[in-house]
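Inspection log for the structure reproduced underneath, given as structure tokens.
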Amino acid sequence: MNTMILIASLIISMSLFLYSQNIFMSLSLSFCTPYPMSLEMSLSWQSSLFMSTVLLISFMIMKYSKEYIPPKNMKMFMIVLSLFVASMLLLITSNNILFLIMGWDGLGLTSYILVIFYQNSTSNNAGTLTILTNRVGDIMIIMSVSTLSFSGLWNTMMNKSFPTMVLIMLLVASMTKSAQFPFTAWLPAAMAAPTPVSALVHSSTLVTAGIILMVRISDNIHTTIMKPLLMMSLLTSITASLSAMWEMDLKKIIALSTLSQVAFMMTAISLNMPLLAMFHLITHALFKATMFMCVGQLIHSSSYQDSRSIKSSLPNSPLTLSCLGITSMALSGLPFMSGFYSKDAIIETLCPQSLSYPLMTMMIISITLTTIYNLRITMNSVSLISSKTPDNDMTQMKDMELSLTVMTPLSLVAGSIMSWMMNPCSTLTMSLSQKITPIMTMLLAWTVSNLTPYLNINTNSMSMIPSTMWMMNSTSTLPKMTLIPGSTLINMDNSWKENSSLILTNSMKMYALPLSKTPSLLLIMFTILLPMTMYPNS
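To convert, count from 1 in the sequence shown and add 1; that's my numbering.
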């Protein structure tokens, strides 16, 4: 059944592309409500192609799961996974807010069931954090539906007439589902789910739902929401990349790379490049799903998830390590890989635009760090060769190898094929300084990383903040945002005239340490200082 739907969606997408047509379907609900309401679906060649990508990845992951999930849990797992994919397809084809909320809530519910699949304390905590964060987005969608009920503007194609408050609520909803700052904590926590679920969630389903929503409403330029989206997406990209540099959990490193790439797509949308964002969305879905399946097979074989402890038996896993190397190169954007065509198109379109220097610097640093931690994953997987027999014989995992054999060639050629199909941008000419800046940044980072062991630097204290997702893990679970020594600060403020400068200085020193350890205060200070760096380029 899945194969038939996949073939049909591919045929539809090719037909719509060749004839430059869109398909619209509408079901009136006037018989059950006094308001002029309807459920609307639309199929363009981009949405049909992405739907084909989702179906292909889900079919390969279901084949992959046969050797990963215990047989006694397979039936329940397949049912929930099918509902999860169906909710995503519903979201892709929706053309109004009413129809969109059905797929949106379906994704939230089924993702919670999949995250808590192992039924232990870690997965239960991760599932709770995931569903509570996504509930914020669900509330925003419901509030936008309530607001739009007064005007009857349900169709997303009418977004130019949407009130500003509705656009802001849809922006917050997309940021929660795509784990943009400050809602980033749930995405690494969702790694408590089985690896097949992670491969599907991080490639083409849950985290891409926010991208789909923003693409739907970005055909008209909304300055009100695009500027905040640009700042939050770049901030997400740089924080996720820095956290990946300190992370040792193999699955969390790839999850943070997903966070960085989704932020990259959000940046493209905020700069009015939705077609390029969809281009990168499809290519990223293919190689990221393959990358997760490779890592899952290594973890399944070695029984380790820590990148420092995982041992690969090279003679028994040449296919897995080769596929991992290819997908790592695609994620890094090496020339002629699938990720190169989409990332290079976005970067070259981005460079001529008048962005401030801090924003461009954040973008370049994020892209550079992506290459560095990808190289670390590949080197750890290949260089740490185990001399003992693996816990599970990788030569017997035929379904896993079949999934990798099908997905890896697509990770190689999908970018070039889609580039020829979409022709997203004309040929651009960049200056020499713009071309060599990423290379020089990589060389500088490589030099610093080699000099660090010879310097007297306490890296353990430096890694505390990045390893906790910049305090997002703790602030996401705070019942309320308070300052612990607040009453003392009030007394100091009321009596500052009576205190001498020496007493005031000593008092500030006394309270500086507990204040600096308060995560909520760090978040407030970070939020206040961030706009100060966004000065325009003169």
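Note that CB positions come from ideal geometry on N, CA and C, so glycine has one too.
Does Trp105 pass the burial test, meaning 16 or more other C-beta atoms within 10 Å, or should it be called exposed?
buried
One question on the structure: do Asn96 and Met170 come within less than 7 Å of each other, judged by their Cβ atoms?
Met170 is positioned such that its CB atom lies no closer than 7 Å to that of Asn96.
Local conformation of Ser95 per DSSP, three classes
strand
For Met26, tell me which candidate among Thr94, Phe51, Gln262, Pro189 has the shortest Cα-Cα distance.
Thr94
Any 3 or more C-beta pairs closer than 8 Å across the stretch 197-206 and the stretch 222-234
no
Alpha carbon of Ile270 to alpha carbon of Val216, nearest angstrom:
7 Å
Near Gly128, what residues of its chain come up, given a Cβ to Cβ distance below 6 Å and the 5 sequence neighbours on each side ignored?
Tyr113, Val116, Ile117
My assumption, with CB atoms under 8 Å, is that Val55 sits in contact with Val81. Please give the rounded CB distance.
Not a contact, Cβ separation roughly 16 Å.
Within the stretch 148-230, note down every full alpha helix (DSSP H) run reaching 4 residues or more, in order along the chain.
165-178, 187-190, 196-202, 210-218
Might you give, ordered along the chain, the residues of its own chain that have their beta carbon closer than 6 Å to the beta carbon of Ala174, omitting 5 neighbours on each side?
Gly138, Met141, Ile142
Whole-angstrom distance between Lys67 and Asp400, CA atom to CA atom:
Between the C-alpha atoms of Asp400 and Lys67 there is a straight-line separation of about 7 Å.
Can you grab the Cα-Cα spacing for the pair Ala286 / Leu276, in whole Å?
15 Å
Ser302 to Cys324, Cα distance in whole Å?
16 Å
With H, G and I counted as helix, E and B as strand and the rest as coil, what does DSSP make of Phe25?
Per DSSP, reduced to three states, the secondary structure at Phe25 is strand.
Cutting at 7 Å between CB atoms, please list the residues of its own chain near Leu90, excluding the five before and the five after it.
Met52, Val55
Alpha carbon to alpha carbon, how far is Ser333 from Pro72?
36 Å
For Leu44, write down the residues that DSSP places opposite it in a beta bridge.
Ile24
Within its chain, find whatever has a CB closer than 7 Å to the CB of Leu376; leave out the 5 residues flanking it on each side and keep chain order.
none
May I ask which residues mark the beginning and end of the alpha helix (DSSP H) holding Gln262?
251-271
Within the present structure, is the beta-carbon of Ile378 separated from the nearest heavy atom of the ligand GTP by less than 6 Å?
Absence of the ligand GTP is noted for the structure shown, with no ligands found whatsoever.
If you measure between the beta carbons of Met176 and Ala256, is that distance less than 7 Å?
Result no, Cβ atoms of Met176 and Ala256 do not sit closer than 7 Å.
So is Met380 buried or exposed if we call it buried at 16+ other beta carbons inside 10 Å?
exposed
Which residue comes first and which comes last in the alpha helix (DSSP H) that contains Met279?
Note, Met279: alpha helix (DSSP H), 275-303.
How many angstroms separate the CA atom of Gly109 from the CA atom of Ile366?
33 Å
Going by DSSP in three states, Val116 sits in which element: helix, strand or coil?
helix
Quick test of your reading: Leu130 and Ala190, contact by CB under 8 Å. State the CB separation rounded to the nearest angstrom.
5 Å
Simplified DSSP state of Leu335, which is helix, strand or coil
coil
Exposed or buried, Val414, counting other C-beta atoms within 10 Å across all chains shown (16 or more means buried)?
exposed
Whose C-alpha, out of Ser45, Pro359, Ala346, Met292, is nearest the C-alpha of Met61?
Met292
For Thr123, which residues from the same chain have a beta carbon less than 7 Å from its beta carbon, with the 5 sequence-adjacent residues on both sides left out?
Ala193
Tell me whether Asp178 is buried or exposed, calling it buried when 16 or more other Cβ atoms sit within 10 Å of its Cβ.
Checking the displayed sequence, the identity of residue 178 turns out to be Lys instead of Asp. It counts as buried.
For Thr206, tell me which candidate among Leu230, Gly107, Ile239, Ser339 has the shortest Cα-Cα distance.
Gly107
Restricting to Cα atoms, I'd like to know which of Thr409, Ile347, Thr371, Tyr119 is closest to Met281.
The amino acid at residue 281 is misidentified as Met; the sequence shows His. The shortest C-alpha separation from His281 is found at Ile347.
Here's the rule I'm using: 16 or more other beta-carbon atoms within 10 Å means buried, otherwise exposed. How should Met441 be labelled?
Result: exposed.
Are the Cβ atoms of Leu50 and Ile24 separated by less than 7 Å?
Cβ atoms of Leu50 and Ile24: not closer than 7 Å.
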